[in-house]
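The letter at position 65 of the sequence shown is residue 102 when you use our numbering, and the numbering goes up by one with no holes. For each residue, glycine too, the CB sits at the ideal point set by N, CA and C. Step one of this worksheet: look at the structure below.
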Amino acid sequence: MTGKISDLPILNRPKGTLGGTTKSRRQEALVKKGALQSAIFNSPNFSIIAIDTKGVIQIFNVGAERMLNYATADVMHKSTLADISDTQEIIAGAKGLSAEFGIPIMPGFEALGFKASCGSTTDFARRNYR
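Next up, the structure:
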């Protein structure tokens with residue numbers, strides 16, 4: 038050993054690593070996160086439906102297929118959430134929201150997305166699709 042600080046092994050490692058493991062740990066964490074997301078998304082026990090700002094379905098997972106009895110290919114990019122919902126449930130949900138928030142909420146897309154648009158989670162689907 039020459040006695041210089043720059044000769045110490047820890048200082049000669051590539052920048053941003055600790056023994057070369059920081060990058061691999063980060064990659065491993067991302068792989069695990071992706072696997073968890075994939076497991077949830079592909080689970081028949083979780084219904085996941087995502088819509089765009091116009092209400093058109095953009096994501097419809099296998100759980101939604103199983104619970105609502107629609108094929109993904111039949112609804113994705115073609116149907117709105119209102120199209121696959123029971124009209125009477127939407128009307129009842131709008132009435133309940135109107136009473137809860139003290140403002141008139143029209144049945145349809147407004148009622149289906151009202152709590153989400155306020156930053157609140159909605160339990161409308163949980164109440165009606167058990």
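What distance in whole Å lies between the Cβ atoms of residue j and residue i, which are believed to be in contact at a cut-off of 8 angstroms?
i      : j      : result
Ile142 : Ala131 : 5 angstroms
Leu134 : Ala153 : So it is not a contact: roughly 12 angstroms between Cβ atoms.
Whose CA, out of the options, lies closest to the CA of residue i?
i      : options                           : result
Ser84  : Asp120, Phe138, Thr58 and Thr109  : Thr109
Pro81  : Ser61, Val68, Gly92 and Glu102    : Glu102
Ser116 : Gln125, Ser61 and Ala87           : Ala87
Leu105 : His114, Lys91 and Asp120          : Asp120
Thr124 : Leu134, Ile140, Pro144 and Glu137 : Pro144
His114 : Gly156, Cys155, Val68 and Gly92   : Gly92
Glu212 : Phe146, Phe138 and Gly156         : A query on residue 212 cannot be resolved here, the shown segment of the chain reaching from 38 to 167 and no further.
Threshold first: 4 residues or longer. Then list the alpha helix (DSSP H) segments lying entirely within the stretch 44 to 127, N to C. Listed in chain order, the complete alpha helix (DSSP H) runs (minimum 4 residues) inside the stretch 44 to 127 are 59 to 78, 99 to 105 and 109 to 112.
Between the stretch 88 to 104 and the stretch 64 to 75, are three or more C-beta pairs nearer than 8 angstroms? no
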